[in-house]
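Worksheet: the structure to be examined is printed underneath.
2 protein chains.
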Amino acid sequence: MYTLKDILYAKSIAVVGASNNPDKMGYTLLKNIADGGFEGPIYPVNLKEDNILGIKCYPDILSIPENIDLVVISVPAVIVKDIIKQAGEKGAKGAIIISGGFKEIGNYDLEMEVLETAKEFGMRIIGPNCQGVNYTANKMCATWPLVKTQGSIGIVSQSGTIGATIELWAEKEEMGVSCFASLGNKSDISETDFIEFFAEDPNTKVVALNIEGIQEGEVFIDTIARTSQKKPIVVLKPGRTEKGIKAVASHTKSIAGNDKIFTAFCKKHGVIRANDITELYDFCKITAMSKKLKDNKMLIMTSSGGAGIIATDTAEEIGIEIAPINDKLKKTLEDILPDQCVLSNPLDLTGDATAERYEKALKAVIDDGSFDFILTIFGDPIPGAFEVINKVKSESDVQIIVSYLGGGDVEEQEVKLMNKNSIPAFPTPERAVKAAKALLQLKI
Amino acid sequence: MYTLKDILYAKSIAVVGASNNPDKMGYTLLKNIADGGFEGPIYPVNLKEDNILGIKCYPDILSIPENIDLVVISVPAVIVKDIIKQAGEKGAKGAIIISGGFKEIGNYDLEMEVLETAKEFGMRIIGPNCQGVNYTANKMCATWPLVKTQGSIGIVSQSGTIGATIELWAEKEEMGVSCFASLGNKSDISETDFIEFFAEDPNTKVVALNIEGIQEGEVFIDTIARTSQKKPIVVLKPGRTEKGIKAVASHTKSIAGNDKIFTAFCKKHGVIRANDITELYDFCKITAMSKKLKDNKMLIMTSSGGAGIIATDTAEEIGIEIAPINDKLKKTLEDILPDQCVLSNPLDLTGDATAERYEKALKAVIDDGSFDFILTIFGDPIPGAFEVINKVKSESDVQIIVSYLGGGDVEEQEVKLMNKNSIPAFPTPERAVKAAKALLQLKI
Chain A
20 MYTLKDILYA KSIAVVGASN NPDKMGYTLL KNIADGGFEG PIYPVNLKED
70 NILGIKCYPD ILSIPENIDL VVISVPAVIV KDIIKQAGEK GAKGAIIISG
120 GFKEIGNYDL EMEVLETAKE FGMRIIGPNC QGVNYTANKM CATWPLVKTQ
170 GSIGIVSQSG TIGATIELWA EKEEMGVSCF ASLGNKSDIS ETDFIEFFAE
220 DPNTKVVALN IEGIQEGEVF IDTIARTSQK KPIVVLKPGR TEKGIKAVAS
270 HTKSIAGNDK IFTAFCKKHG VIRANDITEL YDFCKITAMS KKLKDNKMLI
320 MTSSGGAGII ATDTAEEIGI EIAPINDKLK KTLEDILPDQ CVLSNPLDLT
370 GDATAERYEK ALKAVIDDGS FDFILTIFGD PIPGAFEVIN KVKSESDVQI
420 IVSYLGGGDV EEQEVKLMNK NSIPAFPTPE RAVKAAKALL QLKI
Chain B
20 MYTLKDILYA KSIAVVGASN NPDKMGYTLL KNIADGGFEG PIYPVNLKED
70 NILGIKCYPD ILSIPENIDL VVISVPAVIV KDIIKQAGEK GAKGAIIISG
120 GFKEIGNYDL EMEVLETAKE FGMRIIGPNC QGVNYTANKM CATWPLVKTQ
170 GSIGIVSQSG TIGATIELWA EKEEMGVSCF ASLGNKSDIS ETDFIEFFAE
220 DPNTKVVALN IEGIQEGEVF IDTIARTSQK KPIVVLKPGR TEKGIKAVAS
270 HTKSIAGNDK IFTAFCKKHG VIRANDITEL YDFCKITAMS KKLKDNKMLI
320 MTSSGGAGII ATDTAEEIGI EIAPINDKLK KTLEDILPDQ CVLSNPLDLT
370 GDATAERYEK ALKAVIDDGS FDFILTIFGD PIPGAFEVIN KVKSESDVQI
420 IVSYLGGGDV EEQEVKLMNK NSIPAFPTPE RAVKAAKALL QLKI
């Protein structure tokens, strides 16, 4: 039997159902694989075309002159089984079946036949009825949207849309992902296979998981328990409410299960639970960039008093301690900061704060050693913000989390720079504080 | 005595402390007033310059050949009083004092003297120690950042940063604002004056309020009570926790007050309470575009099953009812939708849903009449999404709220189009549902 790794590291791809019509999925898939920079040969398969997007096209898989590693399929459900058979004969190790029309509309037998055919050749299946897979280290974007930036978040998502949303946000902030995989009907490869892969994958630092129901519960639980010892896992599992459970059942015919048990399981293993899409993204971002925090005492340093208060309220509400600063630190800050600064926690550097003032204050707080992490809020476009944080970070062990707001284009550029350099930066203080809380839940 | 309106509709502006040095506030202020397209004369005042940004410069206010309506001041605190006196002699109706160095660092007397001087001439003061004011209908951006898009949110904010963040987000989504005002020390003009102004302002549809403490509590409460009968008010008032209250006291020397009493007051008058910056923005956006909802039954229509479930969980958790669809509607939908669609609430149009499929389904739900509002989720870049929603909206009374996600550039363009056409569109289902809840709290 081949493995998921054989699919993700495919050296050649056939796209069956490739099309010259931009409205067709087969066009988008071929285009994204090509534009994503896939380095091996790409073989469009379409009976009626000579070439698509300038790439020579074949009438069927068997006409392809070389063996193929992977076949991406977007054709009607009824002919998928034959395609799999041909692919198997060409030595394919796996198939990504985008096509719908299987279990999700009651066609259980058809899905089973496809799976049995694949098994004869040792082939592995992702899907059917899925949005495909992007593995950036292999420049293999066999899905949509086209995302090329290599990052360290490995996404495996029941919902194509939710996974793609995370991936697009990561791309926009120039942080990227290692992988985006959408599971569809999970006839063969499931979230468990991906989690196992991510656990050993050098390109993945954090596992982002969106699941609805769980198949093979014991294997899943065992895999999560083992992987959470190695890498942070963030999970978005909707179906927390009665109506939500019903919606899960309608969507993937799966059982959401008892939410309280799942919550307890997550807590036990340091799995971080996200309640919505924004949290899934924020928690992945911060765990990809930061280490576990030792205690829950946070110092807030800000140029915006108002933003500092919002951070304080949020922290108090979710159990992060805004501990007072001690007299010695206060004395030091008094000596180095201008009179208008408010020397407490939040430490308000006031509206005219420069990068230099932040640097002085950060160094004083770090030297003092009372705080394990610092939320640094920039409430205006402050030139040199990134440089200061990057310098201070490289010289100390203290975790710095950034909230940059009110900064327009400067903010956007600085946030990208920070994210690229493993400084987690958030658009609002409340999101930064909630993300810090996620770090506190890690066991590793 | 002049009024706030005289300041916001100023016909000429002197910028005292204008500078040729881009690092100075006086440069930014002059540049934003000029680049914002202010149509009256602008007079930079600086002893040492002949012209700034190509505009003739004057050594002092008294040398300006014409009378002036408004003076924007960014000079050291000690000379502000003299500037006010000269401005008064030139007929100025008001001053925006950006300069700090007054009450906030203990200089109460200096602040009082400035105020007394202004009073002699009937002049009104915004600030000192504030981030200025942008009134887009008069193209008067006497603040930063530069934001020109005219919209219908009137922001009055204790915190310059929080107000500016809302304003920047509104600009980015091409929705704009009517006003952004930062209050600073509130020596004269307070949030109450702005709320009174917004209540009658034809350019403002919703009042966005960020306050910490309240001065003149009775007048404030009376003003809010009256204004909330005319226009939606959304308020972000931090200081909900013990540490938050302390932070408020350090920041603006004001008293946050008893949060429970404030919450009860908001509830009584249909004032919408936002807990953070994102909510302040989302709640303003939806109330600027939508009417009060009659009941809390929501239909979720989606192309992404996963996003539909997240919307369902969120709705259940905050008390919005995801009511089942009746048999008659189900029968209708069965006739017009393909087999793979899931005919319940959420109504899952599935991943290959086209704009046409949305249109058919929306019309059927509207004709049925069981739902007062519909959350429409687009889980992929769907060409024509905006056109369909705009058409359906123009033909019916049902409130449509949109969540568009996973759509990259297409999503960004479509969301802008929707917002411009008063269709509230949000980047995640959870934000859309929480915003819908805000609509339910309105009394008007």
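The listed protein sequences correspond, in order, to chains A and B. With my numbering applied, the first sequence corresponds to residues 20 to 463, in that order. With my numbering applied, the second sequence corresponds to residues 20 to 463, in that order. Yeah, the Cβ is synthetic: ideal placement off N, Cα and C, and Gly gets one too. Just so we're clear, the structure is a prediction, and the values are computed from it rather than from any experiment.
Item                                                                                                                                                                                     : Value
Quick check on Lys453 (chain A): buried or exposed, where buried means 16 or more other Cβ atoms within 10 Å of its Cβ?                                                                  : buried
Taking all protein chains shown into account, do 16 or more other C-beta atoms lie within 10 angstroms of the C-beta of Met194 (chain B), making it buried, or fewer, making it exposed? : buried
Would you grab the beta carbon distance between Ser247 (chain B) and Gly289 (chain B) for me? Rounded to a whole angstrom, and I think it's under 8 angstroms.                           : 5 angstroms
For Ala307 (chain B) and Val225 (chain B), what's the separation of their Cα atoms in angstroms?                                                                                         : 6 angstroms
So which of B:Lys412, B:Leu458, B:Ile145, B:Phe405 has the shortest CA-CA distance to Val434 (chain B)?                                                                                  : B:Phe405
How big is the Cα-Cα spacing for Pro251 (chain B) and Leu461 (chain B)?                                                                                                                  : 7 angstroms
If you draw a straight line from the C-alpha of Val35 (chain B) to the C-alpha of Leu23 (chain B), how long is it?                                                                       : 20 angstroms
Relative to the alpha-carbon of Lys286 (chain A), which residue among A:Tyr300, A:Lys310, A:Val253 has its alpha-carbon at the smallest distance?                                        : A:Val253
What did DSSP end up calling Pro63 (chain A) once you bin it into helix, strand or coil?                                                                                                 : strand
Which whole runs of the beta strand (DSSP E) in the region 127-178 of chain A are 3 residues long or more, in chain order?                                                               : 143-145, 151-154, 159-162, 169-176
How long is the line joining the alpha carbons of Ile80 (chain B) and Asp391 (chain A), rounded to whole angstroms?                                                                      : 52 angstroms
Please list the terminal residues of the continuous alpha helix (DSSP H) segment that includes Gly325 (chain B).                                                                         : 324-337
Which parts of the region 396-431 of chain A are runs of the alpha helix (DSSP H), unbroken and 4 residues or longer, counting only runs that do not cross its ends?                     : 404-413
Compile a chain-ordered list of the residues in the region 311-323 of chain B whose CB is closer than 9 angstroms to at least one CB of chain A.                                         : Ile319, Thr321, Ser322, Ser323
Closest Cβ-Cβ distance between Asn153 (chain A) and chain B: below 8 angstroms?                                                                                                          : no
Specify the secondary structure class of Ala266 (chain B) as computed by DSSP and reduced to three states.                                                                               : helix
Could you tell me whether the Cβ of Leu187 (chain A) comes closer than 8 angstroms to any Cβ of chain B?                                                                                 : yes
Name the chain A residues that come within less than 8 angstroms of Thr260 (chain B), Cβ to Cβ?                                                                                          : Thr331, Asp332, Glu335, Glu336
Give the DSSP-derived three-state secondary structure of Lys30 (chain A) in the structure shown.                                                                                         : coil
Counting C-beta neighbours from all protein chains within 10 Å, is the total for Leu66 (chain A) 16 or more, i.e. buried, or is it exposed?                                              : exposed
From Asp367 (chain A) to Pro221 (chain B), what does the alpha carbon distance come to, in whole angstroms?                                                                              : 38 angstroms
Using a Cβ cut-off of 7 angstroms, pull out every chain A residue sitting near Ile341 (chain B), in sequence order please.                                                               : Lys262
Please tell me whether Ala200 (chain B) and Val267 (chain B) are closer than 8 angstroms, where the distance is taken between their beta carbons.                                        : no
Express the C-alpha separation of Ile393 (chain B) and Pro443 (chain A) in angstroms, rounding to a whole number.                                                                        : 36 angstroms
Beta carbons nearer than 7 angstroms to chain B: which residues of the region 361-375 of chain A have them?                                                                              : Val361, Ser363, Pro365, Asp367, Gly370
Which residues does DSSP list as the beta-bridge partners of Ile116 (chain B)?                                                                                                           : B:Ile92
Go to Thr246 (chain A), then tell me how far its alpha helix (DSSP H) extends in each direction, as first and last residue.                                                              : 236-246
For Pro357 (chain B), count neighbouring C-beta atoms within 10 Å of its own C-beta (all shown protein chains included) and say buried if the count is 16 or more, exposed if not.       : exposed
What is the C-beta distance between Met44 (chain A) and Ile117 (chain A), in whole angstroms, given that I count them as a contact (C-beta under 8 angstroms)?                           : 6 angstroms
Closest by CA to Glu340 (chain A), which one among A:Ser273, A:Lys313, A:Lys191?                                                                                                         : A:Lys313
Among residues of its own chain, excluding the 5 on either side of Lys100 (chain B), which ones have a beta-carbon nearer than 6 angstroms to its beta-carbon?                           : Glu132, Val133, Thr136
Work out the CA separation of Gly203 (chain A) and Ile296 (chain B) for me, nearest whole Å.                                                                                             : 36 angstroms
DSSP on Lys109 (chain A), reduced to helix/strand/coil?                                                                                                                                  : coil
Let me see if you follow: with CB-CB separation under 8 angstroms, is Ala13 (chain B) close to chain A or not?                                                                           : In the structure displayed, chain B extends from 20 to 463; residue 13 (chain B) sits before or after that span and is not available.
Which residues in the same chain as Ala53 (chain A) place their Cβ atom closer than 8 angstroms to its Cβ, once the five residues preceding and following it in sequence are excluded?   : Ile61, Leu72, Ile74
Would you please verify whether the beta carbon of Glu449 (chain B) is less than 8 angstroms from any beta carbon of chain A?                                                            : yes
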